[in-house]
Amino acid sequence: MRIRTAVPDDAPAVVALRAHVLPYLVRGVPSTRQMIAQPPRDRHWTAFVAEIQGEIVGWVSTFRNTSSTRPVGEISLLHVHPEHRGRGIGSGLLDAALDHLAPLRLPVLRGRVLPEALPYARRRGFTPSREERFSALDLGSLPPLPAAPAGVRLVSLAGVDPHRVYQVDVAASVDEPGDVPTDALTYEHWRADTWDNVGLDREASTGAEVDGVLAAISLVKRDGARMWSDYTGTAPEHRGRGLATAAKLAALHRAAADGVTVAYTGNDEANAPMLAINARLGYRPVASQWSCLRELT
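Read in order, the letters of the sequence shown are residues 321 to 617 in this note's numbering.
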């Protein structure tokens, strides 16, 4: 077994591994290649892969969270192919991530693990904090698209100034439940993570305008016939009018018309409004994972 830093040419194997282990997480080869080749600035980002006889069987990425005022190190999507578990590969990847973050002396580390990995997480000093629920929707059974609410116009975000989209994203996410607040997201980092991500389908991504003001958004990331609802939210002053539901349903219809057959999404267990929207749209639960924190002294 060999653990090494990921390189852009690993992207196809990394995507194949993720599709096998975490099929509800959607990130295609071009997007994965972009992430490895052009890591976010100022985040101390890197990724590691585990190889056995030249085959990639494990992955983890790690970085400093710059979207929050809380200083947190992220250990993201550590996963190992089921046929190669129990050989210390996960521990090797975790150690590599911890060593990478160590010079930053961050007081808190966060990782996300599958329920069956919670005992291991606890042994490594991570305490379960919050559950995230994943759901899937067959776009062949979408509810019909009703008329937009009075005074509301649903628009493709392809023709919208990205700074307007960013402003809604920031305003809507401030009170989103989670153990790490998103309260320091800069436009530069948002563009790198979201708008300039080659996996973002700007045509399908949809906004709801009220009297010309962008009030709600639903972002679509796509890999072939699969999509991920990257973020759906409404600015606080426009809530209570069904704008998030309208934007998300319109985005799903746009994606379906362009060949997407299944949509996935994830939500914090405490995000009751979004979970209710997804239930009304017909999403069904498919998996869950836990956010786990490790406090350092």
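Just so it is clear, CB atoms sit at the ideal spot from N, CA and C, and this is done for glycine as well.
Sub-9 angstroms separation of residue i and residue j beta-carbons
| i | j | result |
| --- | --- | --- |
| Thr447 | Arg614 | yes |
| Trp548 | Thr585 | yes |
| Leu474 | Leu572 | no |
| Asp329 | Arg353 | yes |
| Ser411 | Ala326 | no |
| Ile323 | Ala357 | no |
| Leu459 | Ala583 | yes |
| Pro463 | Leu569 | yes |
| Lys541 | Gly519 | yes |
| Pro402 | Val341 | yes |
| Tyr488 | Ala555 | What sits at residue 488 in the sequence shown is Val, not Tyr. Taking 9 angstroms as the Cβ cut-off, Val488 and Ala555 qualify as a contacting pair. |
| Ala441 | Gly431 | yes |
| Arg338 | His420 | no |
| Ala535 | Glu557 | yes |
| Val533 | Asn385 | no |
| Leu563 | Leu426 | no |
| Ala575 | Asp503 | no |
| Ala336 | Phe454 | no |
| Ile376 | Val349 | no |
| Asp543 | Ser351 | yes |
Where the beta strand (DSSP E) containing residue i begins and where it ends
| i | result |
| --- | --- |
| Thr447 | 447–458 |
| Leu500 | First, the residue type needs correcting, since residue 500 is Val and not Leu in the sequence shown. First-last for Val500: undefined, no H or E at that position. |
| Trp515 | Trp515 -> no beta strand (DSSP E), and no H or E assigned at all. |
| Leu434 | Counting along the chain, Leu434 falls outside any beta strand (DSSP E), and DSSP gives it neither H nor E. |
| Val392 | 392–400 |
| Ser325 | Per the sequence shown, residue 325 should be read as Thr rather than Ser. Counting along the chain, the beta strand (DSSP E) containing Thr325 begins and ends at 322–325. |
Closest Cα partner of residue i within the set the options
| i | options | result |
| --- | --- | --- |
| Thr366 | Asp329, Tyr507, Phe383 | Phe383 |
| Val433 | Ala422, Leu414, Asp419 | Leu414 |
| Trp510 | Arg338, Asp521, Val485, Val530 | Val485 |
| Gly602 | Ile372, Glu589, Glu394, Thr565 | Thr565 |
| Pro605 | Gly498, Glu451, Asp531, Leu465 | Glu451 |
| Ala577 | Leu595, Ser525, Arg600 | Ser525 |
| Val530 | Leu426, Arg559, Tyr507 | Arg559 |
| Gly471 | Val500, Ser455, Arg561 | Arg561 |
| Gly498 | Thr386, Ile597, Asn587 | Asn587 |
| Glu394 | Asn591, Gln373, Val428 | Val428 |
| Ala467 | Ala567, Leu595, Val335 | Ala567 |
| Leu505 | Gly374, Pro332, Met321, Pro360 | Pro360 |
| Met321 | Trp379, Pro332, Leu424 | Trp379 |
| Phe368 | Leu438, Val392, Ala592, Ala331 | Ala331 |
| His404 | Leu418, Leu397, Ile372 | Ile372 |
| Cys612 | Ala599, Gly579, Val392, Arg546 | Val392 |
| Gly406 | Thr581, Ala437, Leu595, Ala545 | Ala437 |
Per DSSP, cross-strand counterpart(s) of residue i
| i | result |
| --- | --- |
| Ala528 | Leu474, Ala536 |
| Lys541 | Leu520, Trp548 |
| Glu375 | Ile372 |
| Thr585 | Ser455 |
| Ala367 | Ser381 |
| Gly553 | Ile537 |
| Val428 | Val392, Glu615 |
Alpha helix (DSSP H) segment containing residue i, residue limits
| i | result |
| --- | --- |
| Ala336 | 331–341 |
| Ala607 | That residue, Ala607, is in no alpha helix (DSSP H); its beta strand (DSSP E) goes 604–615. |
| Thr386 | Unbroken run through Thr386: none, as it is neither H nor E. |
| Ser351 | 349–357 |
| Tyr486 | 482–493 |
| Ser411 | 409–421 |
| Ala576 | 563–577 |
| Pro463 | It is not in any alpha helix (DSSP H) - Pro463 carries neither H nor E in the DSSP assignment. |
| Asp596 | It should be noted that the sequence gives Ala, not Asp, for residue 596. Where Ala596 is concerned, the enclosing alpha helix (DSSP H) stretches over 592–601. |
Near the ligand NAP: residue i beta-carbon under 8 angstroms from a heavy atom
| i | result |
| --- | --- |
| Pro359 | This structure does not include the ligand NAP; it has no bound ligands of any sort. |
- Message: Can you confirm whether the segment 512–524 touches the segment 541–556 when touching is taken to mean that 3 or more C-beta pairs between the two stretches lie within less than 8 angstroms?
- Response: Yes, the segment 541–556 is in contact with the segment 512–524.
- Item | Three-pair Cβ contact test at 8 angstroms for the segment 487–494 versus the segment 335–350 | Pairwise C-beta distances place the segment 487–494 out of contact with the segment 335–350, as fewer than three of them are shorter than 8 angstroms.
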